[in-house]
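K.L.:
Letter by letter, the sequence shown follows residues 19 to 151 of the working numbering.
One structure, pasted below without further comment.
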Amino acid sequence: MYLLDTNVWIDIERGEQVHVIERFLSVAPGDVPISTVVLGELYVGAERSRNPGLARHTVDRLVHGFDRCGIDSDTARRYAEVTADLAQRGELIGVNHRWIAAQALAQDCVLVTANTGEFSRVRGLRLENWRFP
Numbered sequence: 019m020y021l022l023d024t025n026v027w028i029d030i031e032r033g034e035q036v037h038v039i040e041r042f043l044s045v046a047p048g049d050v051p052i053s054t055v056v057l058g059e060l061y062v063g064a065e066r067s068r069n070p071g072l073a074r075h076t077v078d079r080l081v082h083g084f085d086r087c088g089i090d091s092d093t094a095r096r097y098a099e100v101t102a103d104l105a106q107r108g109e110l111i112g113v114n115h116r117w118i119a120a121q122a123l124a125q126d127c128v129l130v131t132a133n134t135g136e137f138s139r140v141r142g143l144r145l146e147n148w149r150f151p
């Protein structure tokens, strides 16, 4: 299973990253739940756009039919472990990124992101960048 970071969903919506689109289309929709944290980030982008109503509709259309990956007790525990480990090493990443990483770890998903530099700090997190073949 794959969990897609916000930048990947944006790539899919824009249709400009050919390798991302090809890879996305090769994966069964049931193997790509959408993180509720990522969904929140997409809606923040919509609210900050010039036409929030249209942008919200675009987000709704983009994620329609995909299962949601929320935050449960296992995810919360993983978030605590990730945060404590990164803090101890002095390598904290953004709060939302820690939640997304925790979701991927809890669901045993590969996290697909263009931001591999930041996410690579999280121990045990499997990463792929679909922008490159």
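Every residue, glycine too, gets a C-beta built ideally from N, C-alpha and C.
Could you please give the first and the last residue of the uninterrupted beta strand (DSSP E) stretch that includes LEU22?
P.N.:
It spans 20-22 - the beta strand (DSSP E) in which LEU22 sits, taken as one unbroken run.
K.L.:
Check LEU110 in the structure and name its three-state DSSP category.
P.N.:
Looking at LEU110 - three-state DSSP - the assignment turns out to be coil, as it is neither helix nor strand.
K.L.:
Quickly, what does DSSP pair ILE52 with across the bridge? List them, please.
P.N.:
Paired residues: ARG86.
K.L.:
Going by the CB atoms, is the gap between ASN114 and THR134 shorter than 8 Å?
P.N.:
Taking 8 Å as the Cβ cut-off, THR134 and ASN114 do not qualify as a contacting pair.
K.L.:
May I ask you to verify whether the region 49-60 touches the region 69-89, counting CB pairs closer than 8 Å and requiring at least 3?
P.N.:
As far as the Cβ criterion goes, the region 49-60 touches the region 69-89, which means the pair count is three or higher.
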